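Asker: For the sequence shown, the numbering used here gives the first residue as 9, with consecutive numbering after it.
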Amino acid sequence: WEDTTRRQLSVSQGERPQEKPILQLGLKNPKHHPVAAVIEQQKRRGPELPLVPVKRQRHELLLGAAGSAPIMLLSGHEGEVYFFKFHPNGSTFPFAGFDRLILSWNVYGDCDNSAILKGHSGAVMELHNNTDGSMLFSASTDKTVAVWDSETGKRVKSLKGHTSFVNSCYLASLFALAVTMAAKLWDIWKKAAIQTFRNMYQVLAVTPNDPSDQIISGGIDNDIKVWDLHQNKLMYTITGHADSVTGLSLSSEGSCLLSNAMDNTVLVWDVWPFAPKERCVKIFQGNVHNFEKNLLRCSWSPDGSKIAASSADRFVYVWDTTSRRILYKLPSHAGSISEVAFHPD
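#1: Exposed or buried, what is glutamine 210 when buried is set at 16 or more other beta-carbons lying within 10 Å of its beta-carbon?
#2: Would a C-beta distance cut-off of 9 angstroms place glycine 255 and alanine 213 closer than the cut-off?
#3: I'd like to check one pair, serine 176 with alanine 154: are the Cβ atoms closer than 9 angstroms?
#4: Would you list the residues sitting across from valine 324 in a DSSP beta bridge?
#5: Between Gln239, Leu237, Val289, which has its C-alpha nearest glycine 248's C-alpha?
#6: Check whether the Cβ atoms of leucine 303 and asparagine 295 lie closer than 9 angstroms to each other.
#7: Using CA atoms only, rank isn't needed, just tell me which of Phe299, Thr152, Cys264, Leu82 is closest to isoleucine 315.
#8: DSSP three-state call for proline 281: helix, strand or coil?
#9: For aspartate 236, which of helix, strand or coil comes out of DSSP?
#10: Would you say arginine 206 and isoleucine 246 are within 9 angstroms of each other, going by their C-beta atoms?
#11: For the beta strand (DSSP E) holding alanine 123, just list the boundary residues, first then last.
#12: Identify whether proline 78 lies in helix, strand or coil by the three-state DSSP scheme.
#13: For aspartate 321 and lysine 198, I'd like the C-alpha separation in whole angstroms.
#14: Return helix, strand or coil for lysine 51, following the three-state DSSP convention.
#15: Please state whether the Cβ-Cβ distance between leucine 167 and leucine 144 is less than 9 angstroms.
#16: Might you give, ordered along the chain, the residues of its own chain that have their beta carbon closer than 8 angstroms to the beta carbon of tryptophan 235, omitting 5 neighbours on each side?
#17: Give the DSSP bridge partners of phenylalanine 205, in chain order.
#18: Taking a contact to mean a Cβ-Cβ separation below 9 angstroms, would you say asparagine 298 touches serine 344 in this structure?
#19: Assign proline 102 to one of three DSSP states: helix, strand, or coil.
#20: So phenylalanine 91 and phenylalanine 103 are in contact, right, with Cβ under 8 angstroms, and what is the actual spacing, rounded?
#21: Helix, strand or coil for aspartate 107 per DSSP?
Here is the structure:
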């Protein structure tokens, strides 16, 4: 392992120029993951891959430039880290996980811890800011979505009404979107669910398509569903994955959808309204899922020229979207990586 690591780092440093920061999260004890048990109850267990040796604690976050060794190691959580998100202005990034805390760090300088947000009584599964970064939304296994003031770090609202773990959340226009067995659209100010999009199976990921007034969800039925916000109904279903869809990311212009699934593929879909019936336009391979059944996410670079996906083999994979070639395979974590994102600048 050590020889392989040194070889990968030397190749990355010698052949690739420094690029914009890419952030990656290291993960988690499968016994602690709150979603794994739910998936196991509703779906047959997948093939097991061998465990990798652990040389240090797994609840860490690495900050680095694509193609180089990590430049910053952030620790502070007392449990596995599940998710993080850059602030829209790129100056800070909050991240959260099993210990129910949200820790916010400065991107520049010494990457100091700038805030600690407390209030959830269960693991925090996902985080998102609103457009101007004034509010932060968090989804938790305590069946709530919390709304936080980014400046003060105080929880200003708690959206209650889900009957199971809230695996994912997002901000759609002026409404909060959260998913369990159903996707609920919440009025932030009234603290009430104004629409519910029901699904037969557990929903693991969700993203809004604001230009089209749509909600896109994926879950353990292997399908991606596109919902109409105005008509409150399912518009169409996208099939192609052979296992649970754990991550969704919409391109900046809203025309292409990126999905990460437990069938060990990352797919790009054409989600324009009048696209051909066969919507899968690109297939990327390299990253893997394993028996832990963690929610592994994916991300677009701001200019759409690259995509990245987290992986259970302790690497972050970065592809060129045109050639589909793996540009970087970034090491350094001691366990599965749950989330990866490009800096907005």
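Cβ atoms here follow ideal geometry from the backbone N, Cα and C, with glycine treated the same way. Because the structure is a prediction, the values reported are computed rather than measured.
Answerer: Inspection of the coordinates gives the following:
#1: That one is buried.
#2: Contact check for glycine 255 against alanine 213 passes: the beta carbons are separated by less than 9 angstroms.
#3: Contact flag unset, no.
#4: According to DSSP, which records beta bridges pairwise, valine 324 is partnered with Leu338.
#5: The residue among Gln239, Leu237, Val289 with its C-alpha nearest the C-alpha of glycine 248 is Val289.
#6: A distance of 9 angstroms or more separates the beta carbons of leucine 303 and asparagine 295.
#7: Comparing alpha carbon positions, the residue from Phe299, Thr152, Cys264, Leu82 closest to isoleucine 315 is Cys264.
#8: Here proline 281 sits in coil by DSSP.
#9: DSSP places aspartate 236 in strand when its eight states are reduced to three.
#10: No, these two residues do not count as a Cβ contact at 9 angstroms.
#11: It spans 121-125 - the beta strand (DSSP E) in which alanine 123 sits, taken as one unbroken run.
#12: Three-state result, proline 78: strand.
#13: Take the alpha-carbon of aspartate 321 and the one of lysine 198: they are about 43 angstroms apart.
#14: Reliability fails at lysine 51, whose pLDDT of 46 lies under 50, so the model's placement of it is uncertain and no value is given.
#15: No Cβ-Cβ contact shorter than 9 angstroms links leucine 167 with leucine 144.
#16: Take tryptophan 235, set aside five residues on each side of it, and the residues of its chain with a beta-carbon closer than 8 angstroms to its own are Ala191, Phe205, Gln222, Ile223, Ile224, Ser225, Lys241, Leu242, Met243, in chain order.
#17: Ala191, per the DSSP bridge assignment.
#18: Pairing asparagine 298 with serine 344 gives a Cβ-Cβ distance under 9 angstroms.
#19: In this structure, proline 102 counts as strand in the three-state DSSP scheme.
#20: At roughly 7 angstroms, the Cβ-Cβ gap stays under 8 angstroms, so phenylalanine 91 and phenylalanine 103 are in contact.
#21: Coil.
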